[in-house]
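Here the structure is laid out as structure tokens; the discussion comes afterwards.
Protein chains: 2
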Amino acid sequence: MQDVSSSQRAIHWHQQSVDGEARARLKQQRPVCLWLTGLSGSGKSTLANLLEASLYDKGVHTYLLDGDNLRHGLCSDLGFSDSDRTENIRRAAEVAKLMVDAGLVVIVSFISPFRADRAFARSLFEPGSFFEVFVDAPLQACMQRDPKGLYAKAQRGELKNFTGLDSPYEPPESPEVHLRTASDSPQECVEMVLRRILATPLA
Amino acid sequence: MQDVSSSQRAIHWHQQSVDGEARARLKQQRPVCLWLTGLSGSGKSTLANLLEASLYDKGVHTYLLDGDNLRHGLCSDLGFSDSDRTENIRRAAEVAKLMVDAGLVVIVSFISPFRADRAFARSLFEPGSFFEVFVDAPLQACMQRDPKGLYAKAQRGELKNFTGLDSPYEPPESPEVHLRTASDSPQECVEMVLRRILATPLA
Numbered sequence: 001m002q003d004v005s006s007s008q009r010a011i012h013w014h015q016q017s018v019d020g021e022a023r024a025r026l027k028q029q030r031p032v033c034l035w036l037t038g039l040s041g042s043g044k045s046t047l048a049n050l051l052e053a054s055l056y057d058k059g060v061h062t063y064l065l066d067g068d069n070l071r072h073g074l075c076s077d078l079g080f081s082d083s084d085r086t087e088n089i090r091r092a093a094e095v096a097k098l099m100v101d102a103g104l105v106v107i108v109s110f111i112s113p114f115r116a117d118r119a120f121a122r123s124l125f126e127p128g129s130f131f132e133v134f135v136d137a138p139l140q141a142c143m144q145r146d147p148k149g150l151y152a153k154a155q156r157g158e159l160k161n162f163t164g165l166d167s168p169y170e171p172p173e174s175p176e177v178h179l180r181t182a183s184d185s186p187q188e189c190v191e192m193v194l195r196r197i198l199a200t201p202l203a
Numbered sequence: 001m002q003d004v005s006s007s008q009r010a011i012h013w014h015q016q017s018v019d020g021e022a023r024a025r026l027k028q029q030r031p032v033c034l035w036l037t038g039l040s041g042s043g044k045s046t047l048a049n050l051l052e053a054s055l056y057d058k059g060v061h062t063y064l065l066d067g068d069n070l071r072h073g074l075c076s077d078l079g080f081s082d083s084d085r086t087e088n089i090r091r092a093a094e095v096a097k098l099m100v101d102a103g104l105v106v107i108v109s110f111i112s113p114f115r116a117d118r119a120f121a122r123s124l125f126e127p128g129s130f131f132e133v134f135v136d137a138p139l140q141a142c143m144q145r146d147p148k149g150l151y152a153k154a155q156r157g158e159l160k161n162f163t164g165l166d167s168p169y170e171p172p173e174s175p176e177v178h179l180r181t182a183s184d185s186p187q188e189c190v191e192m193v194l195r196r197i198l199a200t201p202l203a
């Protein structure tokens, strides 16, 4: 007999006495996932931090899942091959789902270059509780900014599978919000996101 | 050049504008991790649900990470070999850490049979914010309860690597709370946990 995977083994769902709705009620807010996708250097981290600070000021309970930071813990075993990127996004999406179930407004900031991976993330959420935010900047602009010096490193051949260079970025086809960080200021971008998600009040 | 793992690649920590302390202040509670460990059938799920309901009644924002439930999502790729069990606990611990950082009181309910894995979980938390709760019941009592029919299945040879039978359970040596579910009622056990963790108020 082989060891069996989780999906085959008898696993029971426990009916939890305190459910997502009860937690949201306690927090008096509508839990959602804001999924920021874009090239390295497009401005995701800057916007994620500004967004979180703005929401905090409104008394909204948030959490920021950041591609870089998550790789120090939950995803520290993963590299940057296509399959590892996919697994990285899968785990981030599953954690975001748990946190939304916990009642939080979760900001996810990942390059997340593949459409299929973002579609998987979206599939975990109820309609209306997942917002794909395309943080759009031309590759040239991102390479000029290069805040972490990574493009330079990749061009020197020191990094492979680098999104935008030797690994593809598949832009969203119908994101809930489309930000253009080369022409609009961070403040303007944050206001665009807030207007979109606050169309239905969060708190 | 080889693809590099996360630990080697240039990964920057983003200084987040809203930190754990700010989130805890917003929620007006002290985030902690309650880690329930014990044999299948020892009463972990029953106690976890009762604990969460009690804390909810006190206005504490909680989340329950359950071994079985997590295996439907984040850990759906893992089986029950020793190495998969270790990876399962590692991911649960990392998620619990993120949730405590998010300001929540997290109840983790996993068999978590290996001492080293629980020590790893503990190592992720600040002193005083991790409580190991040993849900202790004699193997014979667990086998008689067998709420999911798993011991029977394992004894028929239909499950392998079953904790307590052909896979070891290493009991905690100095848990913060030691519950004996064969002699004490679920309500008594929950009160013992609450007394211990509320020695310093949570909310």
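Quick note, the sequences are listed as chains A and B, same order.
Residue numbers for the first sequence follow the numbering used here, so the first one is 1 and each next one is one higher.
Residue numbers for the second sequence follow the numbering used here, so the first one is 1 and each next one is one higher.
A virtual CB, placed ideally from N, CA and C, is assigned to each residue, including glycine.
Predicted, not measured: the structure shown is a model, and the values here were computed from it.
Name the chain A residues whose beta carbon is nearer than 8 Å to that of threonine 163 (chain B)? Neighbours of threonine 163 (chain B) on chain A: none; closest Cβ ~13 Å, over 8 Å.
Hey, how far is the Cα of alanine 93 (chain B) from the Cα of leucine 36 (chain B)? Distance between the alpha carbons of alanine 93 (chain B) and leucine 36 (chain B) is about 12 Å.
Option in B:Asp146, B:Gln144, B:Ser129, B:Ile89 with minimal Cα separation from arginine 118 (chain B): The shortest Cα separation from arginine 118 (chain B) among B:Asp146, B:Gln144, B:Ser129, B:Ile89 belongs to B:Ile89.
By the criterion of Cβ-Cβ separation under 9 Å, what are the contact partners of alanine 22 (chain A) in chain B? Neighbours of alanine 22 (chain A) on chain B, chain order: Tyr56.
Considering only the alpha carbon of each residue, which of B:Gly73, B:His178, B:Ser123 lies closest to phenylalanine 120 (chain A)? Nearest in C-alpha terms to phenylalanine 120 (chain A), of all of B:Gly73, B:His178, B:Ser123, is B:Gly73.
Assign isoleucine 89 (chain B) to one of three DSSP states: helix, strand, or coil. DSSP places isoleucine 89 (chain B) in the helix class (H, G or I) of the three-state scheme.
Using a cut-off of 7 Å between C-beta atoms, extract the partners of threonine 62 (chain B) located in chain A. The answer, in chain order, is Val18.
Chain B contact residues for alanine 152 (chain A), given Cβ-Cβ distances below 7 Å: Within 7 Å Cβ-Cβ: nothing; alanine 152 (chain A) doesn't reach chain B, min ~11 Å.
Does DSSP put leucine 165 (chain B) in a helix, a strand or coil? Here leucine 165 (chain B) sits in coil by DSSP.
Which word fits arginine 199 (chain A), buried or exposed, when buried means at least 16 other C-beta atoms lie within 10 angstroms of its C-beta? Checking the displayed sequence, the identity of residue 199 (chain A) turns out to be alanine instead of arginine. The C-beta of alanine 199 (chain A) has fewer than 16 other C-beta atoms within 10 Å across all chains shown, which makes the residue exposed.
What would DSSP say about isoleucine 111 (chain B), mapped onto helix, strand or coil? In the structure shown, isoleucine 111 (chain B) sits in coil (DSSP, three-state: anything other than H, G, I, E or B).
Note down the Cα distance separating methionine 192 (chain B) from threonine 86 (chain B), rounded to an integer number of angstroms. For methionine 192 (chain B) and threonine 86 (chain B), the distance between alpha carbons rounds to 29 Å.
Quick one, which of B:Lys44, B:Gln28, B:Leu26, B:Cys33 has its alpha-carbon nearest cysteine 142 (chain B)'s? Ranking the options by Cα distance to cysteine 142 (chain B), first place goes to B:Lys44.
Would you list the residues sitting across from aspartate 66 (chain B) in a DSSP beta bridge? In the DSSP output, where bridge partners are listed per residue, aspartate 66 (chain B) has B:Ser109.
Valine 18 (chain B) in three-state terms, based on DSSP: DSSP places valine 18 (chain B) in coil when its eight states are reduced to three.
So, do the segment 108 to 117 of chain B and the segment 158 to 171 of chain B have three or more beta carbon pairs nearer to each other than 8 Å? Yes, the segment 108 to 117 of chain B touches the segment 158 to 171 of chain B.
I need the boundaries of the alpha helix (DSSP H) containing glutamate 188 (chain A), first residue and last residue. Glutamate 188 (chain A): member of the alpha helix (DSSP H) spanning 186 to 197, first to last residue.
Beta-carbon proximity of leucine 70 (chain B) to leucine 51 (chain B), cut-off 8 Å: For leucine 70 (chain B) and leucine 51 (chain B), no; Cβs fall outside 8 Å.
For arginine 91 (chain B), return the contacting residues in chain A, with the cut-off set at a CB-CB distance below 7 Å. In chain order: Leu74.
Cross-chain neighbours of alanine 121 (chain B) in chain A, by beta carbon under 7 Å: Here the premise fails: no neighbours, minimum Cβ distance about 12 Å.
Within 8 Å, do at least three Cβ pairs link the segment 175 to 187 of chain B to the segment 122 to 137 of chain B? With a cut-off of 8 Å, the segment 175 to 187 of chain B and the segment 122 to 137 of chain B count as touching, because enough Cβ pairs lie within range.
For threonine 46 (chain B), three-class secondary structure by DSSP: Reduced to three states, the DSSP call for threonine 46 (chain B) is helix.
Under a three-way DSSP split, which group does serine 183 (chain A) fall into? Reduced to three states, the DSSP call for serine 183 (chain A) is coil.
Note down the Cα distance separating glutamate 176 (chain B) from isoleucine 111 (chain B), rounded to an integer number of angstroms. Distance between the alpha carbons of glutamate 176 (chain B) and isoleucine 111 (chain B): 17 Å.
For glycine 20 (chain A) and valine 100 (chain A), what's the separation of their Cα atoms in angstroms? Whole-angstrom Cα-Cα distance: 8 Å.
Could you list which residues in chain A have their beta carbon closer than 7 Å to that of alanine 102 (chain B), in chain order? Within 7 Å Cβ-Cβ: Tyr63, Met99, Leu104.
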